[in-house]
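Colleague: Numbering (the numbering used here), first residue to last: 6 to 339.
The beta carbon of each residue, even a glycine, is placed where N, CA and C say it ideally should be.
Predicted, not measured: the structure shown is a model, and the values here were computed from it.
Structure provided below as structure tokens; questions to follow.
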Ligand code: SF4
């Protein structure tokens, strides 16, 4: 498969500052050594609880936040470009972002036409008729219409606002769209509509998605592969069906056990994780999951397990000392 995005050992640390001189006394390690690739045309899910670093990872990729370390590469037509502060301006055409909160991500003083036209104008489209035609075309593609051009964001529902956000993200015909929990701020009743829309648009425009979510049941339907994050690191990465049928990381198993299923007979007994998520300022030694893992052994607090492929299954990566041996419970979703 062709790779479109490669992330290598990404780190994002935030300094913790104290005292009158704001001296740095430590770091919050929000993202701490994350590596993965996204294949052209796929949807890769990045999943974990809030604070696991998934959103920060997405924001670092397009330099909405400055990474502390690591490298990122974008591939197009056989050309590999490092994504840096300098190159990101030119790469913005190809790399777009859909924000979680459609209420705060749209400028309330701009009309829908101005919002969707803005990236087009920034990238040189000046002709007024062409601009309007393109904006109407984009609004139609997301299920709105030319009738909405002169309206303001506050006149729309959450679902409609997110459609405007999607139209804006697609304006420059990007290759890769990072969707940061695009439906979690919306009513449950409109979540499925927006997910369906994203899937239709992916087919229509040949898009690749990095889909950030905290809810495994949402990503099940839209993703080809899923990377599970815990405390700033990826702990497991596999094809969706493989991950659900055959999880190999105890944290993934615990996430599955928390998903309510329509058929109570299939419901897994919930695995209650002991204690709170530890602080990313002072992550546990060895495997970061060890204080909460019911399979932990002495080695787990001493050595950090690397994310690596299972024997005989190069597409299934797991970061657990016992990933090959544990027999964990998967999840059957009808
Ligand atoms: Fe649990 Fe040890 Fe595996 Fe970490 S390495 S997930 S503590 S068994």
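1) Residue 330: which of 315, 336, 338 and 55 sits nearest, CA to CA?
2) Do you know offhand how far residue 86's Cα is from residue 70's?
3) Name all residues in chain order for which at least one heavy atom of ligand 1 lies closer than 5 Å to the residue's CB.
4) So, using beta-carbon positions, are residue 75 and residue 15 closer together than 8 Å?
5) Is it true that the CB of residue 190 sits closer than 8 Å to the CB of residue 99?
6) Who are the Cβ neighbours of residue 320 in its own chain at under 7 Å, not counting the five residues just before and after it?
7) Excluding the 5 residues flanking residue 300 on each side, which residues of the same chain have their C-beta closer than 7 Å to its C-beta?
8) Applying the criterion that 16 or more other CB atoms from any shown protein chain within 10 Å of the CB defines a buried residue, is residue 6 buried or exposed?
9) For the pair the stretch 197–210 and the stretch 20–36, tell me if three or more CB-CB distances fall below 8 Å.
10) Applying the criterion that 16 or more other CB atoms from any shown protein chain within 10 Å of the CB defines a buried residue, is residue 386 buried or exposed?
11) In the DSSP assignment, the alpha helix (DSSP H) including residue 245 goes from what residue to what residue?
12) When DSSP labels each residue in this structure, what does residue 328 get in the three-state scheme?
13) To the nearest angstrom, how far is the alpha carbon of residue 103 from that of residue 303?
14) Are the CB atoms of residue 195 and residue 163 nearer to each other than 8 Å?
15) By alpha-carbon positions, which one of 287, 56 and 333 ends up nearest to residue 298?
16) Any heavy atom of ligand 3 closer than 7 Å to the Cβ of residue 319?
17) Measuring alpha carbon to alpha carbon, tell me which of 93, 248, 270 and 277 ends up nearest residue 67.
18) For residue 269, does the count of other Cβ atoms within 10 angstroms reach 16, so buried, or fall short, so exposed?
19) Please determine if the stretch 288–295 and the stretch 211–218 are in contact, where contact requires at least 3 C-beta pairs separated by less than 8 Å.
20) Report, in whole angstroms, the separation of the C-beta atoms of residue 17 and residue 65, which I expect to be a contact under 8 Å.
21) May I ask which residues mark the beginning and end of the beta strand (DSSP E) holding residue 184?
22) Buried or exposed, going by whether 16 or more other CB atoms sit within 10 Å of the CB of residue 113?
23) As an exercise, report each continuous alpha helix (DSSP H) stretch of at least 4 residues that is fully enclosed by the stretch 125–163, in chain order.
24) Go to residue 202, then tell me how far its beta strand (DSSP E) extends in each direction, as first and last residue.
25) If I'm right that residue 278 touches residue 221 with Cβ under 8 Å, what's the distance once you round it to whole angstroms?
26) Buried or exposed: which applies to residue 37, given that a residue is buried once 16 or more other Cβ atoms fall within 10 Å of its Cβ?
27) Give the DSSP-derived three-state secondary structure of residue 276 in the structure shown.
28) Measure the beta-carbon distance from residue 39 to residue 238 and round it to whole angstroms, keeping in mind my assumption that it falls under 8 Å.
29) Could you have a look at residue 229 and say whether DSSP puts it in helix, strand or coil?
30) So, with DSSP's three-state summary, where would you put residue 333?
Modeller: Once the coordinates are examined:
1) Counting from 1 along the chain shown, the entry for residue 330 is found at position 325. Nearest option by C-alpha distance: 315.
2) Sequence index remark: in the chain shown, residue 86 carries index 81 (1-based). Sequence index remark: in the chain shown, residue 70 carries index 65 (1-based). The straight-line gap from Cα to Cα measures roughly 19 Å.
3) 255, 292, 294, 295, 298, 300, 301, 305, 310, 325, 326 and 327
4) By one-based count along the chain shown, residue 75 stands at place 70. By one-based count along the chain shown, residue 15 stands at place 10. In this structure, residue 15 lies closer than 8 Å to residue 75 by Cβ.
5) Indexing the chain shown from 1 puts residue 99 at position 94. Indexing the chain shown from 1 puts residue 190 at position 185. No, Cβ-Cβ distance for residue 99 and residue 190 is not below 8 Å.
6) Taking the chain shown and counting its residues from 1, the one referred to as residue 320 is at position 315. So the list reads 243 and 244, once near-sequence residues are dropped.
7) Against the chain shown, residue 300 aligns to sequence position 295. Contacts found: 255, 327 and 331.
8) Here the question's residue 6 lines up with position 1 in the chain shown. Label assigned to residue 6: exposed.
9) no
10) Only positions 6 to 339 of the chain appear in this structure, which leaves residue 386 out of reach.
11) For the purposes of this step, residue 245 is identified with residue 240 of the chain shown, where counting begins at 1. Looking at the DSSP string, the run of the alpha helix (DSSP H) that includes residue 245 is 245–250.
12) Reading the chain shown from its first residue, position 323 is the one you call residue 328. Reduced to three states, the DSSP call for residue 328 is coil.
13) Along the chain shown, one-based indexing puts residue 103 at 98. Along the chain shown, one-based indexing puts residue 303 at 298. For residue 103 and residue 303, the distance between alpha carbons rounds to 43 Å.
14) What you label residue 195 is simply residue 190 of the chain shown in a count that begins at 1. What you label residue 163 is simply residue 158 of the chain shown in a count that begins at 1. Yes; because the gap between Cβ atoms is below 8 Å, this pair is in contact.
15) Sequence index remark: in the chain shown, residue 298 carries index 293 (1-based). Closest option to residue 298, Cα to Cα, is 333.
16) For ligand 3, the structure offers nothing, since it holds only ligand 1.
17) The count along the chain shown starts at 1 and reaches residue 67 at position 62. Measuring from the Cα of residue 67, the nearest candidate turns out to be 93.
18) Here the question's residue 269 lines up with position 264 in the chain shown. Residue 269 should be labelled exposed.
19) no
20) Your numbering for residue 17 matches position 12 in the chain shown. Your numbering for residue 65 matches position 60 in the chain shown. Right, the Cβ-Cβ distance comes to about 5 Å (below 8 Å), so this counts as a contact.
21) Here residue 184 corresponds to residue number 179 of the chain shown, with the count starting at 1. Residues 181–185.
22) The count along the chain shown starts at 1 and reaches residue 113 at position 108. Exposed, since its Cβ has fewer than 16 Cβ neighbours within 10 Å.
23) 133–146
24) Translated into the one-based positions of the chain shown, residue 202 becomes position 197. Per DSSP, residue 202 belongs to no beta strand (DSSP E); it is in the alpha helix (DSSP H), 193–210.
25) As a first step, residue 278 is located in the chain shown; it is residue number 273 there, counting from the start. As a first step, residue 221 is located in the chain shown; it is residue number 216 there, counting from the start. Incorrect: roughly 15 Å between the Cβ atoms, too far for contact.
26) Within the chain shown, numbered from 1, the residue matching residue 37 stands at position 32. Looking at its Cβ environment, which holds 16 or more other Cβ atoms inside 10 Å, residue 37 is buried.
27) As a working note, residue 276 is residue 271 in the chain shown. Looking at residue 276 - three-state DSSP - the assignment turns out to be coil, as it is neither helix nor strand.
28) In the chain shown, residue 39 corresponds to position 34, counting from 1. In the chain shown, residue 238 corresponds to position 233, counting from 1. Rounded, the Cβ-Cβ distance is 6 Å, consistent with contact.
29) For this step, residue 229 is matched to residue 224 along the chain shown. Three-state result, residue 229: coil.
30) Position 328 of the chain shown, counted from the first residue, corresponds to residue 333. DSSP places residue 333 in coil when its eight states are reduced to three.
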